[in-house]
Amino acid sequence: MDRVTSTAPGPPPDPRTLRPRLPSPVQEVEDAAFTRRGVRLLLKRDDLIHPELPGNKWRKLAPNLRAAAAAGERALLTFGGAYSNHLRATAAAGRLLGFATVGVVRGDELAGAPLNWSLARCAADGMRLHFIDRARYRRRTDPEVLAELHDRFGAFRLIPEGGSNALAAQGCTELGRELRGAADTVAVACGTGGTLAGLAAGLGPGQRALGFPVLKGGRPHFLQETVEDLQRAAFGGPRGDWRLEDRFHCGGYARRTPELDAFAAAFEDRHGLPLERIYVAKLLYGLTTLAEEGAFTPGSTVAAVITGTPERTPDASADRGP
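Numbering of the sequence shown is given in full-length UniProt numbering, commencing with residue 1 and proceeding in unit increments.
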């Protein structure tokens with residue numbers, strides 16, 4: 001039995017003590033693909049919210065952490081692939097706020113191998129790593145699997161893969177509220193759908209949210225249904241005007257094409273902004289293509305949510321996950 005408990009003394013942890021930069025700043029950039037069409041481009045710099053919990057990771061995790069603290073729960077368990085941004089953010093939150101953390105990692109073949117840079121960072125932040133086979137990972141929400149995890153690790157607050165649940169969607173409504181009146185279209189890259197669900201709910205009348213999935217495949221309309229389910233759980237029903245644009249996944253999660261890399265490098269050169277490749281580069285690549293196709297009304301404003309920063313680590317091509 002590998003019970004996990006937090007030994008942090010003092011009052012229940014509160015994410016606000018980490019002094020997040022909220023509201024996150026908005027930066028206007030002049031880019032020829034947009035200015036030629038008479039469209040303004042804004043960057044919503046959620047990557048600047050917190051150096052270790054940037055962007056949608058902060059907005060999705062913070063309400064879950066507050067709920068755990070209020071319930072007296074001091075251990076968190078969540079899921080992810082071998083290079084999961086979400087696992088790293090959860091591990092960092094645990095270290096910063098005194099939660100014990102468990103990361104259930106997809107792929108039992110990794111258990112005996114040296115930790116990659118991402119999992120090593122999780123471990124350095126105190127996360128207990130538990131590797132399971134891929135078939136069992138697909139059943140991670142089954143009561144039987146969860147019961148086994150409770151038997152092994154004791155009591156914990158369960159946070160789903162990617163951090164997307166009703167609380168996360170509710171937390172992301174503030175992103176929409178911060179952009180009310182600032183843009184006609186607000187775009188965000190999508191992994192598990194929680195940020196889009198909350199963003200759309202927080203925007204005002206006449207604004208629309210546009211989601212760019214970074215994953216390929218799966219059951220048709222899966223992410224559409226997932227966002228709808230999250231909005232039902234969080235708000236009791238549909239909220240806001242939103243849609244998905246699924247042409248720009250570039251082959252799937254963490255997949256890249258020469259066109260994407262060329263676009264990202266050119267954008268970085270023009271604007272001096274390093275682009276995270278898994279989410280942010282695909283978002284801006286898609287928005288730029290849409291602008292060139294005339295998808296945005298002249299005189300309108302488009303805002304792109306910058307949800308993360310590039311990892312200063314060796315490129316990893318192995319198994320990844322949200």
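The beta-carbon is built from N, C-alpha and C at its ideal position, and this holds for glycine as well.
Fair warning: this is a prediction, and the values are worked out from it, not measured in the lab.
When the beta-carbon positions are compared, Val29 and Val186 stay at least 8 Å from each other. Here Ala91 has Thr101, Cys122, Asp125 and Met127 as same chain residues with Cβ atoms under 6 Å from its own Cβ, once five neighbours each way along the sequence are excluded.
The DSSP-derived three-state label of Gly193 is coil. In this structure, Ser300 and Val39 form a Cβ contact; the two beta carbons are roughly 6 Å apart against a cut-off of 8 Å. Only exposed fits Pro114, as fewer than 16 other CB atoms lie within 10 angstroms of its CB. Of the other Cβ atoms in all chains shown, 16 or more fall within 10 Å of the Cβ of Ala303; this residue is therefore buried. Taking a cut-off of 8 Å for Cβ pairs, the segment 65-75 and the segment 21-28 do not touch, as fewer than three such pairs fall below it. Straight-line measurement puts the Cα of Ser118 at about 7 Å from the Cα of Ser84. Taking Thr309 as the centre and dropping the five residues before and after it, the same chain places the C-beta of Asp47, Pro54, Pro274 and Glu276 closer than 8 Å to its C-beta, in chain order. With a 10 Å radius around the Cβ and a threshold of 16 neighbouring Cβ atoms, Glu259 comes out exposed. DSSP places Ala303 within a strand segment (E or B) once states are collapsed to three. Straight-line spacing of the CA atoms in Val188 and Gly294 works out to 19 Å. Shown here, His86 sits in a helix according to DSSP, grouped into three states. If you keep only unbroken alpha helix (DSSP H) runs of at least 4 residues inside the segment 158-207, you get 166-178 and 194-202. In the three-state reduction of the DSSP assignment, Gly94 falls in the helix class.
DSSP, reduced to helix, strand and coil, places Asp142 outside both helices and strands of the structure shown, so it counts as coil. Taking the C-beta atoms as reference points, Gly211 is found nearer than 8 Å to Leu196.
Proximity of the segment 145-156 to the segment 256-270 falls short of the contact definition, fewer than three beta-carbon pairs being nearer than 8 Å. A straight-line Cα-Cα distance of about 10 Å links Leu97 and Arg16. Its chain contains Ala197, Pro238 and Arg239 as the residues whose beta carbon lies nearer than 6 Å to that of Gln231, once the 5 sequence neighbours on both sides are disregarded; these appear in chain order. Here DSSP, grouped into helix, strand and coil, assigns Lys282 to helix. Looking at the DSSP output, Ile132 sits in a beta bridge with Arg106.
The straight-line gap separating the alpha-carbon atoms of Val4 and Asp133 is approximately 22 Å.
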